[in-house]
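What follows is a set of notes on a single structure, which appears directly below.
Protein chains: 2
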Amino acid sequence: MIQDEQQLLVATAELFKERFNIEARTESEVTSIDPEARTIEVRDLRSGTVYREPYDALVLAPGANPVRPPLPGIDLHGIFVLRTIPDSRGIKSWIEDRKAQSAVIVGGGLVGLEMAENLVRLGLSVSVVEMLDQILPPFDPEMAELVQQHLAANQINIQLGSAVAGFAETETGRLEVRTQSGQKLETDLVILSIGVRPETRLAQQAGLQLGKRGGIRVDESMRTSDPNIWAVGDAVESRDFVTGGWTIAALAGPANRQGRVAADVICGRSSSFRGVQATAVVGVFGLTAASTGASEKALRRAGTDSFEAVYLHPVQHAGYYPGASPIHMKLLFSRKDGRILGAQAVGMEGVEKRIDVIAMAIQNRATVYDLEEAELCYAPQYGSAKDPINMAGMIAANALRGDAPLMPWLDMMDSGATLVDVREPEEFAAMHIPGAINMPLTQLRERLVELPLDRELMLNCGVGQRSYYALRILLQNGFKARNLSGGINTFAQFRNRPEFQRSSSTATR
Amino acid sequence: MIQDEQQLLVATAELFKERFNIEARTESEVTSIDPEARTIEVRDLRSGTVYREPYDALVLAPGANPVRPPLPGIDLHGIFVLRTIPDSRGIKSWIEDRKAQSAVIVGGGLVGLEMAENLVRLGLSVSVVEMLDQILPPFDPEMAELVQQHLAANQINIQLGSAVAGFAETETGRLEVRTQSGQKLETDLVILSIGVRPETRLAQQAGLQLGKRGGIRVDESMRTSDPNIWAVGDAVESRDFVTGGWTIAALAGPANRQGRVAADVICGRSSSFRGVQATAVVGVFGLTAASTGASEKALRRAGTDSFEAVYLHPVQHAGYYPGASPIHMKLLFSRKDGRILGAQAVGMEGVEKRIDVIAMAIQNRATVYDLEEAELCYAPQYGSAKDPINMAGMIAANALRGDAPLMPWLDMMDSGATLVDVREPEEFAAMHIPGAINMPLTQLRERLVELPLDRELMLNCGVGQRSYYALRILLQNGFKARNLSGGINTFAQFRNRPEFQRSSSTATR
């Protein structure tokens, strides 16, 4: 999308000198730190000269490196990583020189997917090989599923649960990607986007403490274990704002904040980094996926179990205004006090707006009750009188108050509950959850006698609105019932997931 | 934009009966309330029958009526208000039947401007006649100015400070709009969009207490002065969440919330309405203007003087990504503790997102320091590592911390300070504030001796970035200096404003 490479450079060394009176020495590699003497050793890459430079305060901001695993054939020509502008230049030249027709991207994270789209736009046919059983690891699998479907619809070949075993050159000079399951993919170009690893060589050499996740350990003022050395950015471990655990977040926003905190503290001001919310967004082929706070996976990893999740599929603006399209949302919140723990959303429009609003709410330690009452911009082309944010809050608050309790999707098959689909017969006929009985909302009041009072009911409709009404009717008539959040639309996100299949197959025995 | 009128109807009486078992009696006018007997008198408009109906709890939701002032000629054919679908039908028929070529809209509020755009799209030439010296009364005048320029660029004729004296029919059967200044505008169609007035006829007849602003007075549980009668929506007065004063907010979101609060309380639940933030958005010809919280005007009206305002003009996403366009923002905050009081923004893209995030921040009583640290979605096509929200927070926090103190725009001419424009000479030559001297940032360090140490300096650049650097250099060198927030871009918003002209002419004497 960016035609002129120069546009990617935020500032030059000359601008730093002129504007800030700061000397930025480019092409100068710091080869070691002497924390006792408070000096660094620098090699001038142009002249080869090596010299020592003293410091009062030292800030490490070396970033992170793309992971390049020691697989057979990893050093073959045509296997690239993407970190720097020269990296991207190398990829483009290779494509032009070889008239490349196809590419294999190893890793389905943010960078991998953005590469996939850009290579398709260059005319290549693209495969993504991902070791995990989902793309976009920061997202929960049933949310990533939506992105995966969109990529498939845009001719991207996605292979999940597929670990690369090695690379080889074919007789015709092309590349062959071999997976552990024995599959072979022939291609002109491989891009490794398996993730990044904090660059800690200097820090280790200087004896600075590292964290368990491999990043430089810093305190809230971004100070390392050496009192005269600070570290910021992708090289450090940070506190997760929601779970409180250590995390490595290779994100530009937090890196910026960390730099300011370190500068404040070095200049004698009290300042501290409040942690990382991991707010992130990616756009592929017009679809936007965004998230903030903890995912369900992250909450489980952190040992948090007192949470609930709601799903919803509201349109981004008034349904009657032309161009309405759904936003698929997941909201995670504490069962104890309603505090918002995280949110994920996928859709064509208005996605990042809702995640940004929830990001601000999480920062302020707000609850789902606050989302219910949020007063947001409304005109028909921008939102609804009840914005998706309000709807998410209401569904969550209804669950917490006991007005509309939830049946978690992964529990449904083992619950022993009777599944009642309250949509109209023609909708039921088109698709329904296996095992469901159909009792339309419009007939429910008259047909209550047909439902068991001694067995729990779980309800679904299309997105959750009608099943909410049905649930209220049932609860007020003495039935025991819970809702499947987000209805058939959420089912469509789960049904291909292996963990759901497993749960399902156990239950139908 | 909406072709099918039926799409504007959210629900039918039949749906209410079928889904909720609620009887919705349409074409039934309530003519009076007997609060003692707890009955209402209803007239069936189809049969003419009048009957009494008892109630346990009564909820009034009559909305508001468009103001139709008793001016000469106000009842002429061709003078419309717009509240209901039949109103819009009447306007469309009139335009078609008369082959109308032009329209005059009286009132430049939200409804007036939306009408203006839609009439232009129907091929009419449109004039807006506004009594005040700005359009969009909820906005501060220098923010409304941006919308006004955009309307003018789209061929809308806007007349500010122009009060209508009356209407007449011309000899050829057209309409003539006469202003108090003696101007006459001939047109085919007049739309009155002067504002709305709470519908309080029934409430008054029942002896319910009204507020000073003319709405039904209710408590936090939406109960009127009669313990068995509640009132919600555009007919009531609400508390302003920021200033604490009474206000009338004819907005759909708050009306929805009020309805839920009243229902909760009637059903025996404790629930209260937290007040109105007045979050609003309007789109005209692709431009979006949005606001939340208090305007500067509203703060002054409420007697709040301990606040500051910052202006900024960031682009909506990374500048190097194609399609970057500015968002003009104004942020109001408490000088005491940095609490956010209000925000307004105008631009082509990403406007309502930023206002929604600030709306959530205001709801949580957050500060500008929270905006500084907000962690929002960033990818080049969505935002920046330092989002406009962060930038607004940083500029405000820099002012509060004393790092970059502000000179309010309306004080500049009376301040006696020396105005220094730190842009490059060619920029200065193209446009500058009268009386400014030019000293580019790039030369500032060398030319400090040319500046007075005994007189305050006020600085401007293009948007405020370079003048921030200049200010820091000056303050650290012992000068007394303040910034003009938002630079030349903000000056362009102020320079045509009468209050600025007045201030300016006083000062240059």
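Protein chains in written order, with the numbering used here: chain A, 358 to 866; chain B, 358 to 866. Even glycine gets a Cβ: it sits at the ideal position worked out from N, Cα and C.
Sequence-distant residues of its chain with Cβ nearer than 6 angstroms to residue i (five each side left out)
| i | result |
| --- | --- |
| A:F851 | E499, W766, F857 |
| B:E533 | A525, T527, K541, E543 |
| A:R440 | P423 |
| B:A754 | V725, Y726, E729 |
Min CB distance residue i to chain A below 8 angstroms
| i | result |
| --- | --- |
| B:V589 | no |
| B:Q516 | no |
| B:I397 | no |
| B:A637 | yes |
| B:A749 | no |
| B:K687 | no |
| B:Y825 | no |
| B:P495 | no |
| B:T604 | no |
| B:P797 | no |
| B:A418 | no |
| B:I462 | no |
| B:K837 | no |
| B:N817 | no |
| B:Y739 | yes |
| B:I359 | yes |
C-beta contact flag for residue i and residue j at 8 angstroms
| i | j | result |
| --- | --- | --- |
| B:T636 | B:T645 | no |
| A:R854 | A:E502 | yes |
| B:A607 | A:L733 | no |
| A:G750 | A:Y726 | yes |
| A:Q673 | A:E706 | yes |
| A:P411 | A:I586 | no |
| B:I746 | B:A731 | yes |
| A:G922 | A:S519 | Past the edges of chain A, shown from 358 to 866, lies residue 922 of chain A, and the structure says nothing about it. |
| A:V805 | A:Y826 | Per the sequence shown, the amino acid found at residue 805 of chain A is Leu instead of Val. No. Outside cutoff. |
First and last residue of the uninterrupted alpha helix (DSSP H) at residue i
| i | result |
| --- | --- |
| A:S450 | 442-455 |
| B:L728 | 725-730 |
| B:Q562 | 558-562 |
| B:K374 | 370-377 |
| A:M472 | 467-478 |
Bounding residues of the beta strand (DSSP E) (the contiguous stretch that carries residue i)
| i | result |
| --- | --- |
| A:P745 | Counting along the chain, A:P745 falls outside any beta strand (DSSP E), though it belongs to the alpha helix (DSSP H) covering 745-757. |
| A:L417 | 415-417 |
| A:Y825 | Here A:Y825 belongs to no beta strand (DSSP E); instead the alpha helix (DSSP H) covers 822-833. |
| A:T645 | 644-650 |
| A:V638 | 637-641 |
| B:D778 | 775-778 |
| B:L669 | 664-669 |
| B:T536 | 532-536 |
8 angstroms CB neighbourhood of residue i in its chain, flanking five on each side removed
| i | result |
| --- | --- |
| A:R802 | I830 |
| B:E807 | M796 |
Cβ-based neighbour list, residue i, same chain, cut-off 7 angstroms, excluding 5 preceding and 5 following
| i | result |
| --- | --- |
| A:E653 | D497, A666, L689 |
| B:G430 | G523, F524, A525 |
| B:L433 | F524, E526, L532 |
| A:G643 | M705 |
| A:Q868 | For chain A, the structure presents residues 358 to 866; residue 868 of chain A sits outside this window and is missing. |
Cutoff 8 angstroms: residue i Cβ touching any chain B Cβ
| i | result |
| --- | --- |
| A:G480 | no |
| A:Y726 | no |
| A:Y408 | no |
| A:M705 | no |
| A:A814 | Strictly speaking, residue 814 of chain A in this sequence is Leu, with Ala absent from that position. No, A:L814 lies away from the interface with chain B (no Cβ there is under 8 angstroms from its Cβ). |
| A:I712 | yes |
| A:N378 | yes |
| A:R631 | yes |
For the pair the stretch 608-615 of chain B and the stretch 551-571 of chain B, tell me if three or more CB-CB distances fall below 8 angstroms.
no
Determine, using beta-carbon pairs with one atom in the stretch 807-818 of chain A and one in the stretch 838-850 of chain A, whether at least three such pairs fall under 8 angstroms.
yes
Would you be able to state if there are at least three C-beta pairs under 8 angstroms between the stretch 556-563 of chain B and the stretch 455-473 of chain B?
no
Evaluate the contact criterion for the stretch 400-407 of chain A versus the stretch 372-391 of chain A: three or more CB pairs, one atom per stretch, below 8 angstroms.
yes
Assess contact between the stretch 657-677 of chain A and the stretch 502-514 of chain A, defined as three or more Cβ pairs (one per stretch) separated by less than 8 angstroms. Is contact present?
no
Pairing CB atoms from the stretch 592-603 of chain B with CB atoms from the stretch 623-639 of chain B, are three or more of them under 8 angstroms?
yes
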